[in-house]
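Student:
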Amino acid sequence: MARSRKEPTQMSLPGVDAPRAKPPKRGGPIRRLRSSLTTTPMTRRRFLEGTLGWVTAAIVAAVGIPAAIAWVSPALRKQQEGWAPIGKLEDPEPGQPDLSVLNVPIEAHFTQFVRDAYLEAQPQNVAIYVINHGDEKFTVFDIRCTHLGCPISWKEEEGHFLSPCHNGVFDQEGRVLGGPPPRPLDHYEYKVENGVLYAGKLYEVNDELQRVTP
Amino acid sequence: MFKGSFSWVEERLGLSSPAKRVMDHPVPRYITWLHCFGGLTFFTFLIQVTTGIILAFFYVPTPDHAHESIVWFQGSVPFGTIVRNVHRLGASAMVILVFLHMVRVFVHAAYRKPRELNWVVGVGLLMLVLGFGFTGYLLPWDQKAYWATNVGLNIVGTVPVVGDPIGNLLRGGPTLGSLTLLRFYGLHVFLLPLLTVGGLLLHFAMIRKQGIARPL
Chain A
0 MARSRKEPTQ MSLPGVDAPR AKPPKRGGPI RRLRSSLTTT PMTRRRFLEG
50 TLGWVTAAIV AAVGIPAAIA WVSPALRKQQ EGWAPIGKLE DPEPGQPDLS
100 VLNVPIEAHF TQFVRDAYLE AQPQNVAIYV INHGDEKFTV FDIRCTHLGC
150 PISWKEEEGH FLSPCHNGVF DQEGRVLGGP PPRPLDHYEY KVENGVLYAG
200 KLYEVNDELQ RVTP
Chain B
0 MFKGSFSWVE ERLGLSSPAK RVMDHPVPRY ITWLHCFGGL TFFTFLIQVT
50 TGIILAFFYV PTPDHAHESI VWFQGSVPFG TIVRNVHRLG ASAMVILVFL
100 HMVRVFVHAA YRKPRELNWV VGVGLLMLVL GFGFTGYLLP WDQKAYWATN
150 VGLNIVGTVP VVGDPIGNLL RGGPTLGSLT LLRFYGLHVF LLPLLTVGGL
200 LLHFAMIRKQ GIARPL
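Set out below in structure tokens:
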């Protein structure tokens with residue numbers, strides 16, 4: 000090309016290079032914003048820069064906030080509640096644990112139907128330990144160790160629960176006897192209806208075995 | 000608030016002057032509002048990327064769950080309806096804007112020497128945008144999506160000699176099914192975006208190098 004393309008030089012706008020009056024006091028953000036708006040002369044360039052900045056911020060917010068909330072929302076889903084049958088207290092069906100044995104941890108399980116996002120309710124097998132104290136009083140332990148979630152097992156001879164992964168030991172009430180577990184075994188709510196034991200919501204207890212999660 | 004961190008990085012990397020050179024470059028006096036369509040297309044592309052990334056966290060490209068996952072996303076996830084509909088309508092907007100941009104370049108004869116290569120890259124980007132539209136249309140996996148893709152792939156099949164092999168390649172076999180959905184998903188979220196970003200970089204670099212065409 001014969002004609003040499005010249006880059007337009009930076010425009011010199013009146014007021015841009017004028018010395019900015021120093022705000023008298025460094026106050027809060029609103030005070031600083033107000034003082035910078037009132038003490039600096041408004042030029043065309045400054046107006047356009049500001050407008051561009053705020054419009055960009057508004058667009059980013061309009062797209063970004065719904066996107067961020069949608070992305071974060073699965074983290075806020077609540078655990079589902081509902082009662083699931085563990086088994087009959089009298090005359091257990093073949094293959095079912097006998098829940099009428101008193102004061103001994105009995106390994107059992109129940110089936111929870113959990114709706115997993117877009118998937119219809121999926122059956123989920125939950126293993127538990129049930130202790131029948133008689134008089135329709137029970138303790139229903141979650142089988143997962145409170146350390147890292149390994150399944151505990153009842154040691155009849157020693158009379159305690161043992162987690163095989165890091166030797167977490169719990170007594171028959173679920174208190175920590177040794178090893179790394181940070182809190183006693185978790186419990187399930189239970190109820191007895193028409194001779195059937197049901198499991199409900201999972202909750203944590205403190206060292207005095209008082210319920211801490213609502 | 001971040002002045003300290005900014006100057007810390009600035010002192011080490013000295014990024015503000017090259018950044019200024021890239022961002023703060025003067026625009027010729029002869030541009031008009033018609034010159035905005037290219038930038039607007041890029042803006043819709045950014046919106047499609049943002050909403051598309053969110054959708055990718057909730058969408059499942061399998062025939063048994065694709066539609067359910069979208070229904071669930073719209074019905075149960077906060078702002079799900081907005082995010083998906085912005086993506087859906089943004090796709091239409093992008094095709095319209097890219098077309099307007101092309102018409103403007105054509106009418107202004109801005110494709111002439113020395114900008115022929117940028118026109119070629121631009122046509123490639125147009126094909127990619129249409130490819131996004133075609134592959135994205137199947138993903139909801141409803142009746143409309145299924146039959147529209149069926150028709151589209153049958154049209155591909157009418158091309159002499161190479162039509163059937165290309166149709167089978169896109170379809171992943173002779174029948175439209177789970178593999179078609181996966182192929183379209185893979186194209187839509189991996190291959191086409193990569194090619195598009197590459198094409199955009201070329202497109203923008205050439206505009207910077209050659210400047211905006213003078214009016215007729």
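Chain order of the listed sequences is A and B. Each residue of the first sequence is one higher than the last, beginning at 0 in numbering that gives the first Met the number 0. Each residue of the second sequence is one higher than the last, beginning at 0 in numbering that gives the first Met the number 0. C-beta atoms are modelled at their ideal positions from N, C-alpha and C, and glycine is treated no differently. Just so we're clear, the structure is a prediction, and the values are computed from it rather than from any experiment.
Just to confirm, are residue 125 of chain B and residue 93 of chain B a CB contact at a threshold of 8 angstroms?
Tutor: Counting from 1 along the second sequence, the entry for residue 125 of chain B is found at position 126. Counting from 1 along the second sequence, the entry for residue 93 of chain B is found at position 94. Result no, Cβ atoms of residue 125 of chain B and residue 93 of chain B do not sit closer than 8 angstroms.
Student: Counting only Cβ pairs nearer than 7 angstroms, list the residues of chain A close to residue 67 of chain B.
Tutor: Here residue 67 of chain B is taken as the residue at index 68 of the second sequence, counted from 1. Within chain A, the residues near residue 67 of chain B are 117.
Student: How would you label residue 52 of chain B, buried or exposed, when you count the other beta carbons within 10 angstroms and need 16 or more for buried?
Tutor: For the purposes of this step, residue 52 of chain B is taken as residue 53 along the second sequence, with counting starting at 1. Classification for residue 52 of chain B: exposed.
Student: Is it buried or exposed for residue 47 of chain B, if we count other Cβ within 10 angstroms and need 16 for buried?
Tutor: Numbered from 1 along the second sequence, position 48 holds the residue referred to as residue 47 of chain B. The residue in question, residue 47 of chain B, is buried, as its Cβ has 16 or more Cβ neighbours within 10 Å.
Student: How big is the Cα-Cα spacing for residue 18 of chain B and residue 161 of chain B?
Tutor: Taking the second sequence and counting its residues from 1, the one referred to as residue 18 of chain B is at position 19. Taking the second sequence and counting its residues from 1, the one referred to as residue 161 of chain B is at position 162. In a straight line, the C-alpha of residue 18 of chain B is about 48 angstroms away from that of residue 161 of chain B.
Student: In chain order, what residues of the same chain lie with their CB nearer than 7 angstroms to the CB of residue 56 of chain A, ignoring the 5 residues before and after it?
Tutor: On the first sequence, position 57 is the one that residue 56 of chain A refers to. Around residue 56 of chain A: no qualifying Cβ.
Student: Give the DSSP-derived three-state secondary structure of residue 2 of chain B in the structure shown.
Tutor: Translated into positions along the second sequence, residue 2 of chain B becomes position 3. Reduced to three states, the DSSP call for residue 2 of chain B is helix.
Student: Given that a residue counts as buried once 16 or more other Cβ atoms are within 10 Å of its Cβ, and exposed if not, what is residue 187 of chain B?
Tutor: As a first step, residue 187 of chain B must be located in the second sequence, where it is residue number 188. Buried.
Student: Determine, for residue 211 of chain B, whether the minimum Cβ-Cβ distance to residues of chain A falls below 8 angstroms.
Tutor: By one-based count along the second sequence, residue 211 of chain B stands at place 212. For residue 211 of chain B, the answer is no, since every Cβ of chain A falls outside 8 angstroms of its Cβ.
Student: When you compare the CB positions of residue 108 of chain A and residue 130 of chain A, do they come within less than 8 angstroms of one another, or not?
Tutor: To locate residue 108 of chain A, count along the first sequence from 1; it is residue 109. To locate residue 130 of chain A, count along the first sequence from 1; it is residue 131. No, Cβ-Cβ distance for residue 108 of chain A and residue 130 of chain A is not below 8 angstroms.
Student: Can you tell me whether DSSP reads residue 156 of chain A as helix, strand or coil?
Tutor: The residue given as residue 156 of chain A occupies position 157 in the first sequence. Coil at residue 156 of chain A, not helix or strand.
Student: Counting only beta-carbon atoms, is residue 105 of chain A nearer than 8 angstroms to chain B?
Tutor: Your numbering for residue 105 of chain A matches position 106 in the first sequence. Cβ-Cβ to chain B under 8 angstroms: no for residue 105 of chain A.
Student: Using a C-beta to C-beta distance shorter than 8 angstroms, which residues of chain B count as neighbours of residue 113 of chain A?
Tutor: Position 114 of the first sequence, counted from the start, is the residue given in the question as residue 113 of chain A. By Cβ distance, chain B contributes nothing, its closest Cβ being about 14 angstroms from residue 113 of chain A, past 8 angstroms.
Student: Rounding to the nearest angstrom, what Cα-Cα distance links residue 121 of chain A and residue 110 of chain A in this structure?
Tutor: Mapped onto the first sequence, residue 121 of chain A falls at position 122. Mapped onto the first sequence, residue 110 of chain A falls at position 111. Distance between the alpha carbons of residue 121 of chain A and residue 110 of chain A: 10 angstroms.
Student: Cβ of residue 206 of chain B less than 8 angstroms from any chain D Cβ?
Tutor: Here chain D cannot be found, since the structure's protein chains are A and B.
Student: Under the assumption that residue 60 of chain B contacts residue 181 of chain B (Cβ atoms under 8 angstroms), give the Cβ distance between them as a whole number of angstroms.
Tutor: The residue labelled residue 60 of chain B in the question sits at position 61 within the second sequence. The residue labelled residue 181 of chain B in the question sits at position 182 within the second sequence. Rounded, the Cβ-Cβ distance is 5 angstroms, consistent with contact.
Student: Residues of chain A with CB under 8 angstroms from residue 49 of chain B, in chain order?
Tutor: For this step, residue 49 of chain B is matched to residue 50 along the second sequence. By Cβ distance, chain A contributes 62, 63, 66.
Student: I believe residue 117 of chain B touches residue 206 of chain B by the beta-carbon criterion, under 8 angstroms. Please report the beta-carbon distance rounded to the nearest angstrom.
Tutor: Your numbering for residue 117 of chain B matches position 118 in the second sequence. Your numbering for residue 206 of chain B matches position 207 in the second sequence. Between residue 206 of chain B and residue 117 of chain B the Cβ distance is about 7 angstroms, and since that is below 8 angstroms, they are a contact.
Student: Does residue 154 of chain B come within less than 8 angstroms of chain A when only Cβ atoms are used?
Tutor: Counting from 1 along the second sequence, the entry for residue 154 of chain B is found at position 155. Closer than 8 angstroms: no.
Student: So for residue 204 of chain B, helix, strand or coil by DSSP?
Tutor: Along the second sequence, read from residue 1 onward, the residue named residue 204 of chain B stands at position 205. If DSSP states are grouped into helix, strand and coil, residue 204 of chain B belongs with the helices.
Student: Here's a check: name, in chain order, each residue in its chain whose Cβ is nearer than 6 angstroms to the Cβ of residue 0 of chain A, leaving out the five neighbours to either side.
Tutor: Residue numbering aside, residue 0 of chain A sits at position 1 when the first sequence is read from its first letter. Confidence at residue 0 of chain A is low in this model, with a pLDDT of 42, below 50, so its placement is unreliable and no value can be given for it.
Student: In chain B, which residues lie with their C-beta within 7 angstroms of the C-beta of residue 69 of chain A?
Tutor: Locating residue 69 of chain A in the first sequence gives position 70, counting from the first residue. Near residue 69 of chain A (Cβ distances below 7 angstroms), the residues of chain B are 53, 76, 77, 78, 79, 82.
Student: Would you report the Cα separation of residue 187 of chain A and residue 201 of chain A, rounded to the nearest angstrom?
Tutor: Working through the first sequence from its first residue, we reach residue 187 of chain A at position 188. Working through the first sequence from its first residue, we reach residue 201 of chain A at position 202. Roughly 4 angstroms separates the two Cα atoms.
Student: Taking C-alpha atoms, which residue in A:135, A:90, A:27, A:116 lies nearest to residue 74 of chain A?
Tutor: Taking the first sequence and counting its residues from 1, one reaches residue 74 of chain A at position 75. Among A:135, A:90, A:27, A:116, the Cα nearest to that of residue 74 of chain A belongs to A:116.
Student: Measure the CB-CB distance between residue 127 of chain B and residue 191 of chain B and report whether it falls below 8 angstroms.
Tutor: Counting from 1 along the second sequence, the entry for residue 127 of chain B is found at position 128. Counting from 1 along the second sequence, the entry for residue 191 of chain B is found at position 192. Yes, they are a contact pair.
Student: Could you name the residues of the same chain whose beta carbon sits closer than 7 angstroms to that of residue 147 of chain B, not counting the 5 residues immediately before and after it, in chain order?
Tutor: For this step, residue 147 of chain B is matched to residue 148 along the second sequence. Hits under 7 angstroms: 136.
Student: Using DSSP's beta-bridge definition, name the partner residues of residue 105 of chain A.
Tutor: The residue you call residue 105 of chain A lines up with position 106 of the first sequence. Paired residue(s): A:129.
Student: Just tell me which of A:59, A:54, A:105 has its CA closest to the CA of residue 152 of chain A.
Tutor: In the first sequence, residue 152 of chain A corresponds to position 153, counting from 1. Checked all of A:59, A:54, A:105; the closest Cα to residue 152 of chain A is A:105.
Student: Consult DSSP for residue 128 of chain B and reduce its assignment to one of helix, strand or coil.
Tutor: Counted from its first residue, the second sequence places residue 128 of chain B at position 129. The answer is helix: DSSP assigns residue 128 of chain B an H, G or I state.
Student: With a threshold of 8 angstroms between beta-carbons, can residue 98 of chain B be considered close to chain A, or not?
Tutor: Along the second sequence, one-based indexing puts residue 98 of chain B at 99. Taking Cβ atoms only, chain A never reaches closer than 8 angstroms to residue 98 of chain B, which makes this a no.
Student: Identify which residue in B:4, B:134, B:34 has its Cα closest to the Cα of residue 103 of chain B.
Tutor: Counting from one through the second sequence, the residue named residue 103 of chain B turns up at place 104. Residue B:34 is the option with its Cα nearest to residue 103 of chain B.
Student: The ligand MG heavy atoms versus the CB of residue 74 of chain A: any closer than 7 angstroms?
Tutor: The ligand MG is absent from the structure shown, which contains no ligands of any kind.
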